[in-house]
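All remarks here apply to the structure that follows.
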Amino acid sequence: MIKGISILRPAATANTYERLASFFSVLGFTPGSGWNEDSSRGASFLAPLGNLEIVDGTMPSVTDVLIEVTQLDAVREAAIMWFRGQGEETAGHISPVAETDWKSRIFTAEPVSGHVFAFWEWADPLRGKPIAVEGDLSAEGMRFAIVAARWNAVITDRLLDGALDALLRSGAARRDIEIVRVPGAWEVAAAARTIADRSPTFGGPGSVDAIITLGCLIRGETAHYEAIYNEVARGIGQSQQETGIPHAFGVLTCETLEQALNRAGVKAGNKGFEAAIAAIEMVSLHRKLVDRENSEGA
Ligand code: RBF
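Going left to right, the sequence shown walks through residues 1 to 298 as my numbering numbers them.
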């Protein structure tokens, strides 16, 4: 089965290698693992899609590496900033954006003399993409409950801060966010269910549009860790399925305290923030799907 395509770009000197690696690292690629061995080293940059195109006739670009992007102008700006960061002018190294004859816009960059790369974007950003119903990320007018365990508070307080940050920055009003603290992860599902049960109709007293569940179980310190974790996850899932109120899952299950800290904002993002964003998206999606059903039924 075919899995991917790699373009190998030999760098003639160490300086060329460093410059190309540095240039590509600022453009938003996912870094690959690369390699560093006696005979060679490689810096790798991953893209979600790749394809091999055989061309008969005029090549569509001055270079053979065409990188498809979204937000072409932002990518060009990042490329310009890279040149400035090197203390260099961009004149002659970054072309203006031009229209192509294939309904797209393109520019080229030459971070090292002789190494030209083209960046392009479809004029119609939805081209080639299936049209999907998706939730938006505006929390304006939405009501939330956050159920956070007190156990491992050094972690769950950070998750709570992250969740609040996400909700408030996305437009939720502070008065529309209810914070409920429970002793430990074990109690999260029961409290979430009580809140969900009083929320069957939007706008009713104490009702919420979504519940964000936060907790932290650390394997090394928790006897019967798997049994507790499974029950916590099952309870939260069951509450979501039986009430129809979205429940975002922000209960960390970690090997060590260090791993938990990383997931609570130190190195690997803040899972409380991410759970809150998922809650907003699900409320929005829920509304769109219900609206669609109502308008189709009308
Ligand atoms: N609660 C958590 O939120 N995270 C934990 O890592 C955790 N570890 C526990 C370990 C033991 C041995 C026990 C007895 C409880 C633990 N709890 C933990 C608390 C649990 O979620 C619950 O609050 C209490 O068991 C009271 O029902």
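The beta-carbon is built from N, C-alpha and C at its ideal position, and this holds for glycine as well.
query	result
Got a sec, what are the start and stop residues for the alpha helix (DSSP H) TRP186 sits in?	185–197
Tell me whether VAL283 sits in a helix, a strand or coil according to DSSP, three-state version.	helix
Please check the pair ALA192 and ILE228, which I expect to be a contact at CB under 8 Å, by giving their CB distance rounded to whole angstroms.	About 16 Å; that fails the 8 Å criterion.
Counting only the same chain and skipping the five closest in sequence on each side, list residues whose C-beta sits under 7 Å from that of VAL188.	VAL147, ALA149, VAL182, THR213, GLY215, VAL232, ILE236, VAL251
Excluding the 5 residues preceding and the 5 following VAL69 in the sequence, name in chain order all residues of the same chain whose CB lies nearer than 6 Å to its CB.	VAL75, PHE119, GLU121
Which whole runs of the beta strand (DSSP E) in the region 10–77 are 3 residues long or more, in chain order?	66–68
So does ALA233 have its beta carbon nearer than 7 Å to some heavy atom of the ligand RBF?	no
Please state the DSSP three-state secondary structure of PHE178.	According to the sequence as given, residue 178 is Glu; it is not Phe. In this structure, GLU178 counts as strand in the three-state DSSP scheme.
Quick one: what's got a C-beta closer than 6 Å to TRP82's C-beta in the same chain, skipping five residues either side?	PHE23, VAL26
Could you have a look at THR213 and say whether DSSP puts it in helix, strand or coil?	strand
Going by CA-CA distance only, name the one from GLU37, LEU46, TYR17, ASP38 that's closest to THR30.	LEU46
Rounded C-beta distance between ALA268 and PRO246? I'm assuming under 8 Å.	The Cβ separation is near 24 Å, so there is no contact.
Have a look at the DSSP bridge pairing and note the partners of ASN270.	ALA264
Please classify GLY4 as buried or exposed, where buried requires at least 16 other C-beta atoms within 10 Å of its C-beta.	exposed
Which residues in the same chain have their Cβ closer than 7 Å to the Cβ of LEU66, if we skip the five residues on either side of it in sequence?	ALA118, TRP120
Taking 7 Å as the line, does the beta carbon of ASN152 fall inside it for any heavy atom of the ligand RBF?	yes
In whole angstroms, what separates the C-alpha of TRP35 from that of ARG41?	5 Å
In the DSSP assignment, what are the bridge partners of SER104?	TRP122
Put GLU89 into one of helix, strand or coil per three-state DSSP.	coil
For LEU252, which of helix, strand or coil comes out of DSSP?	strand
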